[in-house]
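Q: Line by line, the protein sequences give chains G and A. Be aware that the first sequence starts at 1, since it is given in my numbering, and climbs by one per residue. Be aware that the second sequence starts at 1001, since it is given in my numbering, and climbs by one per residue.
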Amino acid sequence: MPAQPLELILARQFGDSLNMPIFLVDPEGNLLFYNEPAEEILGLRFSETGGMRLEEWATVFRPLDKDGNSLKPEDLPLVKTLTHRIPASGSFYIDSMKGERYLISVTAIPIIGRANRYSGAMAMFWKTVKT
Amino acid sequence: MKVKIWGCRGSLPAPGPENMVYGGNTSCIQVNQGDTFIILDAGSGIQRLGKYLSPEIKEIHILLTHLHIDHMMGLGFFQPLYNPEVTVHVWGPDTGKESLLSNLRRYFSPPLFPVMFSELPKHPVIHELSHNTFRIGELEIFVDYLCHPGATLGYRVSNGKSVFTYIPDHELALGSANFPHDPEWTSGYEIAKSADLLLHDSSYNSKEYSSKIGWGHSSARDAISFAKMCKVKKLALFHHEPARSDEQLETLLENALRNQELDFEVFLCAEGDVYELD
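Here is the structure:
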């Protein structure tokens, strides 16, 4: 497998050193990495799942509105960032693999390196209230 | 392909009797393939290279890894720049905001240097690089950014049969996840994989590195681990610390190789060395 661009390698290193949850995806939205604090919310260890294709992780981590209805992908901050290559933020509920529901706030940023190399996006999220 | 070392010291020239074996000039490498001639970096070693160049060479390509002073301090002393019959191409990193030309002009200006870039008899041709593959004559060259402060490139040079990789400044431990077990997540892997000869940063011993994290350089032991991961055939340790004597460099290598079982050759790069690749 070819090596990742430097910007993604450094983003992963940065995320790995944080005590706040992060989620790293490539330009197509495929999940490349999430850190230990994110594992706690998602209910899955990265060492067990590894990277996941977009269609795979989108079904594993289901985003919901306050009434428990599934959100449209285009309403999600990370999808907005991937589509428009601009930062985006928002709040929604998520059901973890352990069956717990969390309200999370997400801020997503595009990763655009030198010479305008677009390598993907990073989402940072905060657990707001456990319901 | 012939590779000749004109300087392999890091950070600062270090002339002196204690550095006679490995030399004191900063980064400069000459690569020849048939009629194709390129120079990697313009450290203080390029001054001597300029003196020994054949007068028949009318086109010269200088490829800079980055713009730290030890990699370009010799540029103003490279005699062919002052010969109007010679066309000099300068290739270097796209730094994002300020152009390569603007950065070079800053060096060629008072109080750093008495001759302005515009006063050169023939203006060099400037080429900016990011993550590209391109050709110069008989050589195919792949470049990409590396983990080092400021925009920094590594070069993979191929003649179609052999690969020579030049990574003089590189912080492996910072630019890698789970080093050295995951090539996909290691800065520089694509540039160095399966190289016949790799020149790689080995500024520190492991203890020194622990107090210099973020300075952009690697320990000799990390350089060896990287070479092993990349399955190179030969590793030449490069970017010798200016304060390190010949004797201390040999101790650094000896310690880095302790308890290692390797199926490739590891040695200290020395000024004047010539490597012939198929």
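No residue lacks a Cβ here, since even glycine has one placed at the ideal position from N, Cα and C.
1. Starting from residue 1156 of chain A, follow its DSSP beta bridges and name the residues at the other end.
2. With 16 other CB atoms within 10 Å as the buried threshold, where does residue 1060 of chain A fall?
3. So residue 16 of chain G contacts chain A; which residues on that side make the cut at Cβ distance below 7 Å?
4. Establish whether the CB of residue 1026 of chain A and some CB of chain G are separated by less than 8 Å.
5. Looking only at DSSP bridge pairs, what is residue 1186 of chain A linked to?
6. When the distance is taken between beta carbons, is residue 1108 of chain A closer than 8 Å to residue 1076 of chain A?
7. Once the 5 residues before and after residue 1208 of chain A are set aside, which same chain residues still bring their CB inside 8 Å of it?
8. Identify whether residue 1079 of chain A lies in helix, strand or coil by the three-state DSSP scheme.
9. Assign residue 1035 of chain A to one of three DSSP states: helix, strand, or coil.
10. Spatial neighbours of residue 1066 of chain A within its chain, please: C-beta separation below 8 Å, excluding the five flanking residues on both sides.
11. Looking only at its own chain, which residues have a Cβ that is under 6 Å from the Cβ of residue 1004 of chain A, when we skip the five neighbours before and after it?
12. DSSP state of residue 1022 of chain A, grouped into three classes?
13. Given a cut-off of 8 Å, decide if residue 1084 of chain A and residue 1122 of chain A are closer than it, judged by their beta-carbon atoms.
14. Since residue 96 of chain G and residue 42 of chain G should fall inside the 8 Å C-beta cutoff, what is the C-beta to C-beta distance between them, to a whole number of angstroms?
15. In angstroms with no decimal places, state the Cα-to-Cα distance between residue 29 of chain G and residue 51 of chain G.
16. Please list the residues of the segment 1142-1153 of chain A that have a C-beta atom closer than 8 Å to any C-beta atom in chain G, keeping them in chain order.
17. Whole angstroms is fine: what's the gap from residue 1118 of chain A's alpha carbon to residue 7 of chain G's?
18. Name the chain G residues that come within less than 7 Å of residue 1183 of chain A, Cβ to Cβ?
19. Who are the near neighbours of residue 54 of chain G in its chain, counting only those whose CB is closer than 7 Å to its CB and skipping five residues on each side?
20. DSSP state of residue 1147 of chain A, grouped into three classes?
21. Determine the contact status of residue 1185 of chain A and residue 1177 of chain A, defining contact as a CB-CB distance below 8 Å.
22. Does the CB of residue 71 of chain G have a neighbour CB from chain A at under 8 Å?
A: Straight from the coordinates:
1. Sequence index remark: in the second sequence, residue 1156 of chain A carries index 156 (1-based). Note: residue 1156 of chain A sits in a beta bridge opposite A/1142 and A/1165.
2. Position 60 of the second sequence holds residue 1060 of chain A. Residue 1060 of chain A comes out buried.
3. Taking the first sequence and counting its residues from 1, one reaches residue 16 of chain G at position 16. By Cβ distance, chain A contributes 1177.
4. In the second sequence, residue 1026 of chain A corresponds to position 26, counting from 1. No - not a single Cβ of chain G is within 8 Å of the one on residue 1026 of chain A.
5. The sequence position of residue 1186 of chain A within the second sequence is 186, counting from 1. For residue 1186 of chain A, which the question treats as bridged, DSSP gives the partners A/1176.
6. Here residue 1076 of chain A refers to the residue found at position 76 when the second sequence is read from its first residue. Here residue 1108 of chain A refers to the residue found at position 108 when the second sequence is read from its first residue. Yes, these two residues count as a Cβ contact at 8 Å.
7. Taking the second sequence and counting its residues from 1, one reaches residue 1208 of chain A at position 208. Within the same chain, residue 1208 of chain A has close Cβ partners 1219.
8. On the second sequence, position 79 is the one that residue 1079 of chain A refers to. If DSSP states are grouped into helix, strand and coil, residue 1079 of chain A belongs with the helices.
9. The count along the second sequence starts at 1 and reaches residue 1035 of chain A at position 35. DSSP places residue 1035 of chain A in coil when its eight states are reduced to three.
10. To locate residue 1066 of chain A, count along the second sequence from 1; it is residue 66. Same-chain partners within the cutoff: 1092, 1093, 1148, 1150, 1151, 1152, 1153 and 1169.
11. For the purposes of this step, residue 1004 of chain A is taken as the residue at position 4 of the second sequence. Excluding positions up to five away in sequence, the list reads 1030 and 1274.
12. For this step, residue 1022 of chain A is matched to residue 22 along the second sequence. Residue 1022 of chain A: coil per DSSP, three-state reduction.
13. Within the second sequence, residue 1122 of chain A is the residue found at index 122, counting from 1. Within the second sequence, residue 1084 of chain A is the residue found at index 84, counting from 1. Yes, Cβ-Cβ distance for residue 1122 of chain A and residue 1084 of chain A is below 8 Å.
14. On the first sequence, residue 96 of chain G is found 96 positions in, with the first residue counted as 1. On the first sequence, residue 42 of chain G is found 42 positions in, with the first residue counted as 1. Contact flag correct, Cβ pair sits at about 6 Å.
15. As a working note, residue 29 of chain G is residue 29 in the first sequence. As a working note, residue 51 of chain G is residue 51 in the first sequence. Approximately 11 Å between the Cα atoms of the pair.
16. 1144, 1145, 1146, 1147 and 1151
17. Locating residue 1118 of chain A in the second sequence gives position 118, counting from the first residue. Locating residue 7 of chain G in the first sequence gives position 7, counting from the first residue. Distance between the alpha carbons of residue 1118 of chain A and residue 7 of chain G: 35 Å.
18. The sequence position of residue 1183 of chain A within the second sequence is 183, counting from 1. Here the neighbours are 3.
19. Position 54 of the first sequence, counted from the first residue, corresponds to residue 54 of chain G. Excluding residues within five positions, the ones whose Cβ falls inside 7 Å are 28, 29 and 30.
20. As a working mapping, residue 1147 of chain A is identified with position 147 in the second sequence. It is coil, neither helix nor strand.
21. Against the second sequence, residue 1185 of chain A aligns to sequence position 185. Against the second sequence, residue 1177 of chain A aligns to sequence position 177. Yes, Cβ-Cβ distance for residue 1185 of chain A and residue 1177 of chain A is below 8 Å.
22. Working through the first sequence from its first residue, we reach residue 71 of chain G at position 71. Not closer than 8 Å to any Cβ of chain A, the Cβ of residue 71 of chain G fails to qualify, so no.
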